[in-house]
Amino acid sequence: MHSIFQIEIPEKNFDEVKIEELVEMNEKIKSCEMEMTALTEYLQQKGHGQAATYISNAQNNLFTYLRYWMKTGVVTPKVTSRLERLMREINRRIKKFAFNWSEKGCAKITRIIIKLICDPKSWENHWDKKMKFGGNIKLSFCGIS
Numbered sequence: 376m377h378s379i380f381q382i383e384i385p386e387k388n389f390d391e392v393k394i395e396e397l398v399e400m401n402e403k404i405k406s407c408e409m410e411m412t413a414l415t416e417y418l419q420q421k422g423h424g425q426a427a428t429y430i431s432n433a434q435n436n437l438f439t440y441l442r443y444w445m446k447t448g449v450v451t452p453k454v455t456s457r458l459e460r461l462m463r464e465i466n467r468r469i470k471k472f473a474f475n476w477s478e479k480g481c482a483k484i485t486r487i488i489i490k491l492i493c494d495p496k497s498w499e500n501h502w503d504k505k506m507k508f509g510g511n512i513k514l515s516f517c518g519i520s
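Just so we're on the same page, our numbering is the position in the sequence shown counted from 1, plus 375.
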C-alpha cells in the first residue's frame, strides 16, 4: 500500500521545527490549556454554563494546527480550527443560495446557520417554543435547492 500512494509536499509548505522549539511550544500549549481549563471551571462555578461550554469546546480544537505542524513539519493548508470550519461552511452555504441577497438578508441567514451548526439543541428548543408544537411535530433543516 505504501508504494501505491504518494503525497508530494511543496517546499514552501514544509517548515521543520527544532527540538528546542518543540519543547517550548509544547510547554506553552499545556500552559494555555491549563489556563483555559481554569477559566472553564471558574465560569461554571459562577453559573455561566454556556460560556464554560463554549470555552471547553473551543479548547478541544484550538491547537490542532500547531500539534500537526510540530509533529510533521508540514504547514498544512487545510482548515483545522473549529472557527475556520464554521466560517467555511457559512461561506459555502451563503454562496450556494444567497449570493444575490441583501446584506441584511445575508446577515439574518448567517445567524440562523451559526445557531443551527453551533447549538442545534437551542435551535430545536427555539422552534418548539415559537410554534408550540407540544412534541407532536419535528422539523429538520435539510437545505435549500
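Backbone N, C-alpha and C fix where the C-beta goes; we use that ideal spot for every residue, glycine too.
Take residue i and list the residues in its own chain whose beta-carbon comes closer than 7 Å to its own, dropping the five residues that flank it on each side.
i, result
"Leu441", "Met400, Ile404"
"Arg468", "Ile488"
By the three-class DSSP mapping on this structure, what secondary structure does residue i have?
i, result
"Asn475", "coil"
"Ile323", "Given that the chain is displayed from residue 376 to residue 520, the structure contains no residue 323 and the question cannot be resolved."
"Ser431", "helix"
"Cys481", "helix"
"Ile384", "Residue placement at Ile384 cannot be trusted, given a pLDDT of 44 that sits under 50; the coordinates are not used to answer."
"Ser497", "helix"
"Ile465", "helix"
"Ile487", "helix"
"Gly348", "Within the shown structure, residues of the chain are numbered from 376 to 520, placing residue 348 beyond reach of any answer."
"Lys507", "coil"
"His377", "Its pLDDT being 40, under 50, His377 is placed unreliably by the model, and the measurement read from it follows with that caveat. In this structure, His377 counts as coil in the three-state DSSP scheme."
Report yes if the C-beta distance between residue i and residue j is below 9 Å; otherwise report no.
i, j, result
"Met370", "Gln434", "A question about residue 370 goes unanswered here, because the residues of the chain that appear run from 376 up to 520."
"Ala426", "Glu416", "no"
"Cys407", "Leu437", "yes"
"Trp498", "Lys507", "no"
"Ile519", "Lys483", "no"
"Ile394", "Leu414", "no"
Leaving aside the five residues before and after residue i along the sequence, list all residues of the same chain whose C-beta is less than 8 Å from its C-beta, in chain order.
i, result
"Cys493", "Leu461"
"Lys504", "none"
"Gly422", "none"
Ends of the alpha helix (DSSP H) at residue i?
i, result
"Cys407", "394-420"
"Lys446", "439-447"
For residue i, collect the residues of the same chain with a Cβ closer than 6 Å to its Cβ; drop the 5 residues on either side in sequence, then sort them by chain order.
i, result
"Ile465", "Thr485, Ile488"
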